[in-house]
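Take a look at the structure below.
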Amino acid sequence: LKGALSNGGVSRQMLLIPEVVELDGDAAAALLAASEELERLGLVVEAFGPQAIVVREVPALLGTCDVKGLLSDLAGTLLEAEEDGEGSRLLAERLDHVLSTMACHGSVRAGRRLSPEEMNALLRDMEKTPFSGQCNHGRPTYIELKLTDIEKLFQRR
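Residue numbers for the sequence shown follow our numbering, beginning at 492 and rising by one.
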(Lines of atoms letter the chains of each structure in order from A and count residues from 1; the text may use other names and numbers.)
(Lines give C-alpha, C1' and ligand atoms only; values in the text may rest on other atoms or scores of the structure.)
Protein backbone atom coordinates (compact mmCIF):
# COMPACT_ATOMS: atom_id res chain seq x y z
CA LEU A 1 0.00 0.00 0.00
CA LYS A 2 2.83 2.40 0.83
CA GLY A 3 4.52 1.65 -2.49
CA ALA A 4 1.30 2.14 -4.45
CA LEU A 5 0.58 5.41 -2.66
CA SER A 6 4.05 6.79 -3.38
CA ASN A 7 3.78 5.73 -7.05
CA GLY A 8 0.77 7.89 -7.79
CA GLY A 9 -2.12 6.35 -5.91
CA VAL A 10 -3.73 3.20 -4.70
CA SER A 11 -5.73 1.32 -7.32
CA ARG A 12 -9.30 0.67 -6.25
CA GLN A 13 -11.69 -2.20 -6.74
CA MET A 14 -15.38 -1.39 -7.00
CA LEU A 15 -17.57 -3.62 -4.86
CA LEU A 16 -20.21 -5.49 -6.83
CA ILE A 17 -22.58 -4.97 -3.92
CA PRO A 18 -21.67 -1.87 -1.90
CA GLU A 19 -21.37 -2.70 1.79
CA VAL A 20 -23.38 -0.72 4.33
CA VAL A 21 -21.72 -0.40 7.73
CA GLU A 22 -23.72 0.73 10.77
CA LEU A 23 -21.72 2.95 13.13
CA ASP A 24 -22.52 5.38 15.89
CA GLY A 25 -22.99 8.99 14.80
CA ASP A 26 -19.54 10.20 15.88
CA ALA A 27 -17.73 7.38 14.07
CA ALA A 28 -19.72 7.91 10.88
CA ALA A 29 -19.08 11.66 11.00
CA ALA A 30 -15.35 11.12 11.53
CA LEU A 31 -15.12 8.81 8.51
CA LEU A 32 -17.10 11.20 6.32
CA ALA A 33 -14.89 14.12 7.36
CA ALA A 34 -11.86 12.12 6.20
CA SER A 35 -13.51 10.71 3.06
CA GLU A 36 -11.26 12.62 0.61
CA GLU A 37 -8.10 11.32 2.26
CA LEU A 38 -9.56 7.82 2.51
CA GLU A 39 -10.37 7.94 -1.21
CA ARG A 40 -6.73 8.76 -1.93
CA LEU A 41 -5.90 5.56 -0.02
CA GLY A 42 -8.34 3.58 -2.17
CA LEU A 43 -11.34 3.51 0.17
CA VAL A 44 -14.47 5.22 -1.20
CA VAL A 45 -17.13 5.88 1.45
CA GLU A 46 -20.37 7.87 1.43
CA ALA A 47 -23.08 8.71 3.94
CA PHE A 48 -25.97 6.28 4.11
CA GLY A 49 -28.36 7.71 6.64
CA PRO A 50 -27.46 9.33 9.97
CA GLN A 51 -25.47 6.43 11.42
CA ALA A 52 -24.28 4.39 8.48
CA ILE A 53 -21.59 4.50 5.82
CA VAL A 54 -21.74 2.80 2.44
CA VAL A 55 -18.42 1.50 1.07
CA ARG A 56 -18.34 1.52 -2.71
CA GLU A 57 -14.66 0.81 -3.43
CA VAL A 58 -11.75 -0.71 -1.51
CA PRO A 59 -8.02 -0.82 -2.27
CA ALA A 60 -7.48 -3.54 -4.88
CA LEU A 61 -4.49 -4.83 -2.93
CA LEU A 62 -6.75 -5.77 -0.02
CA GLY A 63 -8.89 -8.11 -2.08
CA THR A 64 -11.67 -9.53 0.05
CA CYS A 65 -11.10 -7.84 3.37
CA ASP A 66 -13.39 -7.43 6.37
CA VAL A 67 -14.87 -4.06 5.37
CA LYS A 68 -16.92 -3.65 8.56
CA GLY A 69 -13.92 -4.36 10.77
CA LEU A 70 -11.71 -2.06 8.72
CA LEU A 71 -14.16 0.86 8.95
CA SER A 72 -14.67 0.30 12.65
CA ASP A 73 -10.90 0.35 13.28
CA LEU A 74 -10.37 3.42 11.08
CA ALA A 75 -13.22 5.25 12.82
CA GLY A 76 -11.64 4.43 16.18
CA THR A 77 -8.31 5.82 15.00
CA LEU A 78 -9.96 9.00 13.69
CA LEU A 79 -11.95 9.54 16.90
CA GLU A 80 -8.84 8.95 18.99
CA ALA A 81 -7.01 11.58 16.94
CA GLU A 82 -9.84 14.07 17.45
CA GLU A 83 -9.66 13.49 21.22
CA ASP A 84 -5.91 14.12 21.05
CA GLY A 85 -6.57 17.39 19.23
CA GLU A 86 -5.16 16.20 15.90
CA GLY A 87 -8.47 16.30 14.05
CA SER A 88 -8.28 16.47 10.27
CA ARG A 89 -4.47 16.29 10.18
CA LEU A 90 -4.72 12.64 11.21
CA LEU A 91 -4.22 10.88 7.91
CA ALA A 92 -1.22 12.94 6.90
CA GLU A 93 0.47 12.52 10.28
CA ARG A 94 -0.64 8.98 11.06
CA LEU A 95 -0.49 7.58 7.55
CA ASP A 96 1.63 4.59 8.59
CA HIS A 97 -0.91 3.60 11.23
CA VAL A 98 -3.84 3.92 8.82
CA LEU A 99 -2.03 1.92 6.11
CA SER A 100 -1.06 -0.71 8.68
CA THR A 101 -4.69 -1.05 9.74
CA MET A 102 -5.78 -1.42 6.13
CA ALA A 103 -3.03 -3.96 5.36
CA CYS A 104 -3.87 -6.00 8.44
CA HIS A 105 -7.50 -6.32 7.36
CA GLY A 106 -6.40 -7.46 3.91
CA SER A 107 -3.90 -10.05 5.08
CA VAL A 108 -4.00 -13.80 4.58
CA ARG A 109 -5.52 -15.27 7.75
CA ALA A 110 -4.85 -18.61 9.41
CA GLY A 111 -6.89 -21.40 7.89
CA ARG A 112 -7.44 -19.67 4.55
CA ARG A 113 -6.69 -22.04 1.69
CA LEU A 114 -4.46 -20.64 -1.05
CA SER A 115 -3.94 -22.06 -4.51
CA PRO A 116 -0.34 -22.82 -5.54
CA GLU A 117 -0.41 -19.70 -7.75
CA GLU A 118 -1.55 -17.53 -4.83
CA MET A 119 1.16 -19.01 -2.59
CA ASN A 120 3.83 -18.31 -5.19
CA ALA A 121 2.60 -14.74 -5.75
CA LEU A 122 2.54 -14.12 -1.98
CA LEU A 123 6.12 -15.34 -1.58
CA ARG A 124 7.33 -13.27 -4.57
CA ASP A 125 5.63 -10.18 -3.09
CA MET A 126 7.26 -10.85 0.28
CA GLU A 127 10.67 -11.01 -1.40
CA LYS A 128 10.11 -7.52 -2.83
CA THR A 129 8.57 -5.96 0.29
CA PRO A 130 10.85 -4.39 2.90
CA PHE A 131 10.36 -5.72 6.45
CA SER A 132 8.02 -8.50 5.29
CA GLY A 133 9.44 -10.84 7.92
CA GLN A 134 7.00 -9.47 10.48
CA CYS A 135 3.48 -8.14 10.49
CA ASN A 136 2.53 -4.61 11.55
CA HIS A 137 2.11 -5.86 15.11
CA GLY A 138 5.65 -7.27 15.22
CA ARG A 139 4.73 -10.95 14.91
CA PRO A 140 6.79 -13.10 12.53
CA THR A 141 5.25 -13.88 9.14
CA TYR A 142 7.46 -16.92 8.62
CA ILE A 143 10.05 -18.99 10.43
CA GLU A 144 13.08 -20.87 9.18
CA LEU A 145 13.38 -24.54 10.04
CA LYS A 146 16.58 -26.43 9.45
CA LEU A 147 16.44 -30.04 8.27
CA THR A 148 17.42 -31.24 11.76
CA ASP A 149 14.48 -29.28 13.27
CA ILE A 150 12.05 -30.96 10.86
CA GLU A 151 13.54 -34.37 11.58
CA LYS A 152 13.03 -33.79 15.32
CA LEU A 153 9.41 -32.78 14.74
CA PHE A 154 8.77 -36.10 13.01
CA GLN A 155 10.86 -38.02 15.56
CA ARG A 156 13.44 -39.05 12.98
CA ARG A 157 16.35 -38.01 15.22
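A virtual CB, placed ideally from N, CA and C, is assigned to each residue, including glycine. Since this is a predicted model, take the numbers as computed values, not measurements.
- Per DSSP, Leu-613 is one residue of the alpha helix (DSSP H) stretching across 607 to 619.
- Taking all protein chains shown into account, Ile-544 has 16 or more neighbouring C-beta atoms within 10 Å of its C-beta and is therefore buried.
- Leu-565 and Leu-522 have their alpha carbons spaced roughly 8 Å apart.
- Collapsing the DSSP output to three states places Leu-514 in coil.
- Note on Gly-533: 16 or more other CB atoms within 10 angstroms of its CB, so buried under the neighbour-count rule.
- Across the set Glu-548, Gly-516 and Glu-537, the C-alpha of Glu-548 shows the shortest separation from the C-alpha of Met-505.
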